[in-house]
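Trainee: Just so you know, the sequences run in chain order W, A and R.
Just so we're aligned: 177 in the numbering used here is position 165 of the first sequence, and the numbers increase by one with no gaps anywhere.
Just so we're aligned: 490 in the numbering used here is position 413 of the second sequence, and the numbers increase by one with no gaps anywhere.
Just so we're aligned: 57 in the numbering used here is position 75 of the third sequence, and the numbers increase by one with no gaps anywhere.
My questions will all concern the structure given below.
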Amino acid sequence: MLDFSAFSLFDAAFIVIAGVTVIAALGVVIFRNIIHSAFCLILSFLGIAAIYFQLHSGFLGVVQILVYAGAVAVLIIFAIMLLMNQDANRTNQTTPNSKQLFAAGGITAMILAALTAAIGFTSWPAGQLQSIDNSLNLLAELMLTDYVIAFETAAILLLVAVIGAILIARGVDDK
Amino acid sequence: MYDLIIVNAWLIPLLPFVAFAVISLFFHRWPGISAGISIFSIAFSFLLATGIARVVFSQPGGAVYEFTTRWLDISGLQVDMGLLLDPLSALMLLVVTSIAALVQIYSLGYMKDDPGFASYYAYQSLFAASMLGLVIANNFGQMFVFWELVGICSYFLIGFWFGRDSAKNAAIKAFVTNRVGDFGFLLGILFLQILFGTLNFAGLAEALPGYANAAILIPVAILLFTGPMGKSAMFPLHVWLPDAMEGPTPVSALIHAATMVAAGVYLVARAFFIFSSVPEAMTVIAFVGGFTALFAATIALVQNDIKRILAYSTLSQLGYMMMAMGIGAMTAGMFHLTTHAFFKSLLFLGAGSVIHAMAGEQDIWKMGNLHKKMPVTTWTFIIGALALSGIPPLSGFWSKDEILLGAFASGHYGLYILGAFVAFLTAFYMFRLIFVAFFGKNQAGEKAHESPGVMTVPLIILAAAAVLVGFVNSPFMHHIFGTFISHPAGIQPHSSNMIMVSSALIALAGIAMAWLIYQKEAINHLVMRSKFKNIYELLLNKYYIDEIYERMGSILVYGGARVMYWIDIHIVNGFVDLTARLTGKSGDTLKYTEDGQVQSYAMYMAVGVLILIVLATMAAVSVIV
Amino acid sequence: MIGLPHYILLGSVLFSIGLFGVLSRRNAVAVLMSVELMLNAVNINFVAANKFIASDAAVGQLLAIFVIVVAACEIAVGLALIIAVYRQRRSVDLSDFNLLKW
């Protein structure tokens, strides 16, 4: 898996980006201050966007930055601000229940181990990453012909979600 | 005409049964009519019985008639009902009907002012019907039905004065003890059905000789013998008979002296072909009979209740009969049964006459000098006692002598000595009774009066029978009884003058000893009582057998109950508690799955995902590998 | 040297980290952030598989786009819900939201 004989720039780039993303993800779950967690989240989003760019899907990478790092992360930070009712350094604590913590850690470790084993046992096809210029064209074609219903449904979903969120968050007017 | 009687022999048990039904349903409010119906039916049955006897005994060796009809016909099970008229059953018919008729006539006087007069006669009729049905049955199954019927009649009649606790308990004791015997009897019958496929006496007699597996017949025969052990009160199932004296005295005379208890002996005679082919069973029968004879005679020596003395005497004589059967002297046993029926019922009816005159008193020490005021009772009683003791030329002498002769001739010298000793004891205790009650110093007898004719006439008739019946098997009539009632496997020894003379002398010695102690008072019996105090107590308390049984029973019942209680409290309750505790515990454990915490639910989902990943990986790997 | 398995591995690691966050954080918003992390991990898987195996059919990327859409809707509604609940209970501690047991 780690055959360093044909080490290229691509590989180095991947290792760096992956490392940053993973560390950022760890930061999300480790920091006691929720604002710090949120910023680590943004960093991980950016890391993932970089992964997409490396995989030659530029459109997706841009969408990732726009939607996730731009909208979702901002939304999260707005919500955090609205809900900040205590000292910021105590907002993102781990559960005091050690049984729960232990169980969570255990299950996580086991799932990771199982997945790694699965990856190890799989015989991966020896495929090469191809750089396709017209990947966006292909994507657009697929979206507007074969999967047009899904596309439209997604649009309606967005609309409904926005309306719903506004209604829920607005609350009930006390007369 | 006699053929008509033979063909309609089923009327003999049916008439008393109809009498029972009619009295119970319609006439129980009119005592006189009830008694009349009952006596009429039994008298008519007696006439029919004499007719049958005339036919059966007209041929040398006796004629045999058998009628069968199919009663139940299902595939795999065919049950026949039938009648068997041979010398044995003809004899029993005569004995039962004659004594039952005399007892019922006697009861007119004895039970005169009893409030249950009508139901008494209903029960008497039912008993007569059951007993008569028993003796003419031609197969074990039918006989067993009537066997049980006779038992329930005994229960009714013993507990007739049901206001008394002692009577109630005695009735239950009789029935339960009989039941124990009947259980073994039924097992034996079932074995016979399984082994031979038929319960018919003639059919079994044919199938038996060729039967290969002789060893299995031993337990079958012994099981069959437990029925007579219960019904004829052999040790250890004898305990019910003395207590059965709680019933009215005529009942004791009929059922517990002459007929019902003789049913066991009759069964052994009827099934003699089975028993005689199993020597081990014969040994058991002989020794059980002999032991019972000795055992009961010793207890009778010290009893003070007139009926109890006679009850133990009955036990002893039944032991004699069984002993005779066991050593092979079937003729002698049946002969003794016949003579015993007459003189024992005579003795009981005489005792009843005395009790009636003494207004219910039964303790012989509270009687005395009765011979002055009750001459008929006294002299018939003495005749009965002489017959029982075996004084020639009365009937008891001939029959007892036959048995002793059989024991001596077949080489059972031990049983012979035992029998002779019991004869001595019998004579002793009977004349002890007579000297104390009829000729004693106590002046209580002055208040007595002779019983009415309806009671004394049966006494006289029975006394005549006690004198005369014995001659049918005497040398004077060339042992004509033996030509009819016999079995190829039985023994019929030749008379021996030595035995005859010695048994007469033994009886006279017993009477002499009783005279010495109780009449002449040469030896003071109270002094002897205190000198041999331990033996006296043991005998007076019937060897404490009743107490032993009660102890065993209570240990069984209370012990069993305690075990069951423990099981109930610990095991059964434990299971219930376990269920409850389990439910509680599982609830306690499972409540965490519904704690309302989203993260717990998420965790459970994660576990599920983990399992799925592992399964999928394993499936994929095994596909590859 | 870096091929599809490495990308899948990266996705698995991110997924596990996100799972740990979901199961062990007290703040509801933190849980939502961890959920986003898990969704992104899945997206990486889709895109990597698409690019390495059948890159002329862009189904993987399409699916990733739809996942992003749904994730965005979900977080909008989720945060709205948290705010609404916060108005009632003055707390965003998940262990206080335990009414689901009835």
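From the three backbone atoms N, C-alpha and C, an ideal C-beta is built for every residue, glycine too.
Going by DSSP in three states, A:Tyr288 sits in which element: helix, strand or coil?
Mentor: Of the three classes helix, strand and coil, the one that applies to A:Tyr288 here is coil, per DSSP.
Trainee: I'd like to know if R:Asn80 contacts chain A, where contact means its C-beta is closer than 8 Å to some C-beta of that chain.
Mentor: Interface residue, yes.
Trainee: Please report the distance separating the alpha-carbon of A:Tyr506 from that of A:Ala462.
Mentor: Straight-line Cα distance between these residues: approximately 10 Å.
Trainee: Identify every run of the alpha helix (DSSP H) within the segment 389 to 434 of chain A, keeping only runs that are complete inside it and at least 4 residues long; order them along the chain.
Mentor: Taking only runs of at least 4 residues, the alpha helix (DSSP H) segments lying wholly in the segment 389 to 434 of chain A are 407 to 434.
Trainee: With burial defined as no fewer than 16 other Cβ atoms inside 10 Å of the residue's Cβ, what is the status of A:Arg147: buried or exposed?
Mentor: With fewer than 16 Cβ atoms within 10 Å of its Cβ, A:Arg147 is classed as exposed.
Trainee: Which chain A residues sit within Cβ distance under 9 Å of R:Leu76?
Mentor: What R:Leu76 touches in chain A: Gln674, Val675, Gln676.
Trainee: Figure out for me which residue from A:Thr145, A:Asp242, A:Ile119, A:Ser580 has the closest Cα to the Cα of A:Asn277.
Mentor: It is A:Thr145 whose Cα lies nearest to the Cα of A:Asn277.
Trainee: Indicate whether A:Leu149 and A:Val156 have their beta-carbon atoms separated by less than 8 Å.
Mentor: Yes, the Cβ-Cβ distance between A:Leu149 and A:Val156 is below 8 Å.
Trainee: Could you list which residues in chain R have their beta carbon closer than 9 Å to that of W:His68, in chain order?
Mentor: Within 9 Å Cβ-Cβ: Lys33, Ser37.
Trainee: With DSSP as the reference, label W:Met122 as helix, strand or coil.
Mentor: Note: W:Met122 maps to helix in three-state DSSP.
Trainee: Measure the alpha-carbon distance for A:Glu323 versus A:Ser243 and round it to whole angstroms.
Mentor: If I take the Cα positions, the gap works out to 7 Å.
Trainee: Return no unless some Cβ of chain R is closer than 8 Å to the Cβ of W:Val40.
Mentor: So yes, W:Val40 belongs to the interface.
Trainee: Where does A:Met158 fall in DSSP's three states?
Mentor: Three-state result, A:Met158: strand.
Trainee: Strictly by DSSP, which residues pair up with A:Ala214?
Mentor: In DSSP, A:Ala214 forms a bridge with A:Leu160.
Trainee: Could you give the residue range of the alpha helix (DSSP H) that holds A:Leu124?
Mentor: It spans 108 to 133 - the alpha helix (DSSP H) in which A:Leu124 sits, taken as one unbroken run.
Trainee: State the beta-bridge partners of A:Asp382 as determined by DSSP.
Mentor: In DSSP, A:Asp382 forms a bridge with A:Asp440.
Trainee: In the segment -12 to 11 of chain R, which residues sit with their C-beta less than 7 Å from some C-beta in chain A, listed in chain order?
Mentor: Listed in sequence order: Leu1, Val4, Leu5.
Trainee: Would you mind sorting A:Ala657 into buried or exposed? The rule is 16 or more other CB atoms within 10 Å of its CB.
Mentor: That one is exposed.
Trainee: Give the range of the beta strand (DSSP E) segment to which A:Tyr142 is assigned.
Mentor: It spans 142 to 151 - the beta strand (DSSP E) in which A:Tyr142 sits, taken as one unbroken run.
Trainee: What residue range is occupied by the uninterrupted alpha helix (DSSP H) comprising A:Leu267?
Mentor: A:Leu267 -> alpha helix (DSSP H) spans 242 to 273.
Trainee: Residues of chain R with CB under 9 Å from A:Leu683, in chain order?
Mentor: At residue 683 of chain A the sequence reads Ala, which differs from the Leu that was named. Near A:Ala683 (Cβ distances below 9 Å), the residues of chain R are Leu1, Val4, Leu5.
Trainee: Please give me, in chain order, every unbroken run of the alpha helix (DSSP H) with length at least 4 that falls completely inside the segment 43 to 92 of chain W.
Mentor: Whole alpha helix (DSSP H) segments, 4+ residues: 46 to 66, 70 to 75.
Trainee: Provide the residue span of the alpha helix (DSSP H) that contains R:Ser(-6), from first to last.
Mentor: First-last of the alpha helix (DSSP H) with R:Ser(-6): -14 to 6.
Trainee: For chain R, check one thing: does any of its Cβ atoms lie closer than 8 Å to the Cβ of W:Ile63?
Mentor: Yes, W:Ile63 counts as interfacial toward chain R.
Trainee: DSSP three-state label for A:Asp191, please.
Mentor: A:Asp191 falls in the coil class under three-state DSSP.
Trainee: Which of helix, strand or coil does DSSP assign to R:Asp75?
Mentor: The answer is strand: DSSP assigns R:Asp75 an E or B state.
Trainee: Just by C-beta distance, which residues in the segment 12 to 28 of chain R are closer than 8 Å to chain W?
Mentor: Cβ contacts with chain W come from Ala12, Leu14, Met15, Ser16, Glu18, Leu19, Asn22, Asn25, Ile26.
Trainee: Leaving aside the five residues before and after W:Phe54 along the sequence, list all residues of the same chain whose C-beta is less than 7 Å from its C-beta, in chain order.
Mentor: One point to set straight first is that residue 54 of chain W is Ile, not Phe, in the sequence displayed. Within the same chain, W:Ile54 has close Cβ partners Ala81, Ala85.
Trainee: Excluding the five sequence neighbours on either side, which residues of its own chain have a C-beta within less than 6 Å of the C-beta of A:Ile271, listed in chain order?
Mentor: For A:Ile271, where only same-chain residues beyond five positions count, there are no Cβ hits under 6 Å.
Trainee: Residue range of the alpha helix (DSSP H) that A:Val549 falls in?
Mentor: Premise fails: A:Val549 is in no alpha helix (DSSP H) and is neither H nor E.
Trainee: Starting from the Cα of A:Ala321, find the closest Cα among A:Asn255, A:Asn85, A:Leu211 and give me that residue.
Mentor: It is A:Asn255 whose Cα lies nearest to the Cα of A:Ala321.
Trainee: Over what stretch of residues does the alpha helix (DSSP H) that includes W:Gly176 continue unbroken?
Mentor: Run containing W:Gly176: 160 to 182, per the alpha helix (DSSP H) assignment.
Trainee: Kindly give me the distance between the Cβ atoms of A:Tyr183 and A:Met532, rounded to whole angstroms, as I take these residues to be in contact under 8 Å.
Mentor: Contact flag correct, Cβ pair sits at about 5 Å.
Trainee: Out of W:Ile168, W:Phe133, W:Met155, state which residue places its alpha-carbon closest to the alpha-carbon of A:Val691.
Mentor: When each option's Cα is compared against that of A:Val691, the closest is W:Phe133.
Trainee: Check whether the segment 212 to 222 of chain A and the segment 109 to 124 of chain A are in contact - that is, three or more C-beta pairs closer than 8 Å.
Mentor: The segment 212 to 222 of chain A is not in contact with the segment 109 to 124 of chain A.
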